[in-house]
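*Asks:* Following this message is one structure expressed as structure tokens.
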Amino acid sequence: DVKVTQSSRYLVKRTGEKVFLECVQDMDHENMFWYRQDPGLGLRLIYFSYDVKMKEKGDIPEGYSVSREKKERFSLILESASTNQTSMYLCASSFPTSGTSSYNEQFFGPGTRLTVL
Amino acid sequence: RKEVEQDPGPFNVPEGATVAFNCTYSNSASQSFFWYRQDCRKEPKLLMSVYSSGNEDGRFTAQLNRASQYISLLIRDSKLSDSATYLCVVVRPSGYSTLTFGKGTMLLVSP
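Residue numbers (this note's numbering), protein chains in the order written: chain A, 3 to 119; chain B, -12 to 98.
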């Protein structure tokens, strides 16, 4: 059964702290993604990776960085957490897309609800 | 026009009703479209793909109108378990084919 796991379900941190969110997938997917989801704003892509040690900025990368040292693991880092980074963070993974008309389903983890005080 | 737009709802319908959601997208070069479903406090999951010819999966029918740049989802004979938020998803036609999610339409099915 397909599985994407995230290190924490709930996390509370203080402003200025460095925060690590971990995501692990067991499907041998090349692509991994980090999104945040906020009421009224929907899901927004922060960063993604299409291979080990490769990363690409999504739509809202400011204030975040990522690390992909192993194929199965993709980490999201908040260098200095701020209150506007309080959100639900969702990790996803998929096989790579081939061609312009094909696509592979993204499988999501259960999410980490991060509160920054 | 926003990349992907949906009516947020909520749509309140009784069991057994037929309900339809629409979604519009701005990039006419977009080729691939999907509906994802997200239950309350859960992660999104793929519901179905949307093809030009339309496609059906049981009680669910998805349609694409390229000329008007909209996608629809029809749910027949609504069940209580259909209560969820339905996310319209468009694959960006350039770069790494990342997904753009609509903000979702909430459906509440009541007994």
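Built from N, CA and C at the ideal position, the CB exists for glycine as well.
Can you tell which of A:Q8, A:K5, A:V14 has its C-alpha closest to the C-alpha of T117 of chain A?
*Replies:* Closest option to T117 of chain A, Cα to Cα, is A:V14.
*Asks:* For the beta strand (DSSP E) that contains V(-9) of chain B, what are its first and last residues?
*Replies:* Taken as a continuous stretch (DSSP letters only), the beta strand (DSSP E) holding V(-9) of chain B covers -9 to -7.
*Asks:* Run the CB neighbour count on A16 of chain B, radius 10 Å, all protein chains shown included, and call it buried at 16 or more, exposed below.
*Replies:* So A16 of chain B ends up on the exposed side.
*Asks:* Given a cut-off of 9 Å, decide if D61 of chain A and R75 of chain A are closer than it, judged by their beta-carbon atoms.
*Replies:* Against a cut-off of 9 Å, the Cβ pair of D61 of chain A and R75 of chain A comes out as no contact.
*Asks:* Just tell me which of A:T88, A:V26, A:K20 has its CA closest to the CA of S82 of chain A.
*Replies:* Measuring from the Cα of S82 of chain A, the nearest candidate turns out to be A:K20.
*Asks:* So if DSSP puts T11 of chain B in a beta bridge, which residue, or which two residues, is it bridged to?
*Replies:* Answer is B:E(-8), B:Y57.
*Asks:* Hey, how far is the Cα of T102 of chain A from the Cα of P80 of chain B?
*Replies:* Because the pLDDT of T102 of chain A is 49, which lies under 50, any placement of that residue in the model is unreliable, and the number read from its coordinates should be weighed accordingly. Cα to Cα, the separation comes out at about 7 Å.
*Asks:* Taking only runs that begin and end inside the stretch 27 to 60 of chain A, name each unbroken beta strand (DSSP E) of 3 or more residues, in chain order.
*Replies:* Within the stretch 27 to 60 of chain A, the complete beta strand (DSSP E) runs of at least 3 residues are 33 to 40, 44 to 51.
*Asks:* Looking at the structure shown, is S103 of chain A part of a helix, part of a strand, or coil, going by DSSP?
*Replies:* Because the pLDDT of S103 of chain A is 45, which lies under 50, any placement of that residue in the model is unreliable, and the question is left without a value.
*Asks:* Using 8 Å for Cβ pairs, my map puts Y57 of chain B next to N9 of chain B. What's the rounded Cβ distance?
*Replies:* Right, their Cβ atoms sit about 5 Å apart.
*Asks:* Which residues of chain B have a Cβ atom closer than 7 Å to the Cβ of Q108 of chain A, listed in chain order?
*Replies:* Near Q108 of chain A (Cβ distances below 7 Å), the residues of chain B are L86.
*Asks:* At a Cβ threshold of 9 Å, is T102 of chain A touching chain B?
*Replies:* Reliability of the predicted coordinates at T102 of chain A is poor, the pLDDT of 49 falling under 50, and the value obtained from them is presented with this limitation in mind. Yes - at least one Cβ of chain B is within 9 Å of the one on T102 of chain A.
*Asks:* Compute the distance between the beta-carbons of L34 of chain B and F47 of chain B, then report whether it is under 9 Å.
*Replies:* Against a cut-off of 9 Å, the Cβ pair of F47 of chain B and L34 of chain B comes out as a contact.
*Asks:* Rounded to a whole number of angstroms, what is the C-alpha to C-alpha distance between E43 of chain B and T17 of chain A?
*Replies:* Distance between the alpha carbons of E43 of chain B and T17 of chain A is about 48 Å.
*Asks:* May I ask which residues mark the beginning and end of the beta strand (DSSP E) holding T52 of chain B?
*Replies:* Inspection of the sequence shows that residue 52 of chain B is occupied by Asn rather than by Thr. Where N52 of chain B is concerned, the enclosing beta strand (DSSP E) stretches over 47 to 52.
*Asks:* Using alpha carbons as the reference points, say which of A:E107, A:D40, A:R115 lies closest to H31 of chain A.
*Replies:* Among A:E107, A:D40, A:R115, the Cα nearest to that of H31 of chain A is on A:E107.
*Asks:* Would a check of beta-carbon distances place F50 of chain A closer than 9 Å to chain B?
*Replies:* By this cut-off, F50 of chain A is an interface position.
*Asks:* DSSP three-state call for P31 of chain B: helix, strand or coil?
*Replies:* Strand.
*Asks:* Do the stretch -5 to 11 of chain B and the stretch 58 to 75 of chain B meet, that is, are 3 or more Cβ pairs less than 8 Å apart?
*Replies:* Yes, since at least three Cβ pairs between the stretch -5 to 11 of chain B and the stretch 58 to 75 of chain B fall closer than 8 Å, the two stretches touch.
*Asks:* Can you list, in chain order, the residues of the stretch 28 to 62 of chain B whose Cβ is nearer than 9 Å to any Cβ on chain A?
*Replies:* For the stretch 28 to 62 of chain B, which is checked against every Cβ of chain A, the residues closer than 9 Å are R28, K29, E30, P31, K32, L33, S36.
*Asks:* Looking at the structure shown, is S68 of chain B part of a helix, part of a strand, or coil, going by DSSP?
*Replies:* It is helical.
*Asks:* With 9 Å set as the bound, which would you pick, yes or no: does the beta-carbon of L74 of chain B sit closer than that to a beta-carbon of chain A?
*Replies:* Cβ-Cβ to chain A under 9 Å: yes for L74 of chain B.
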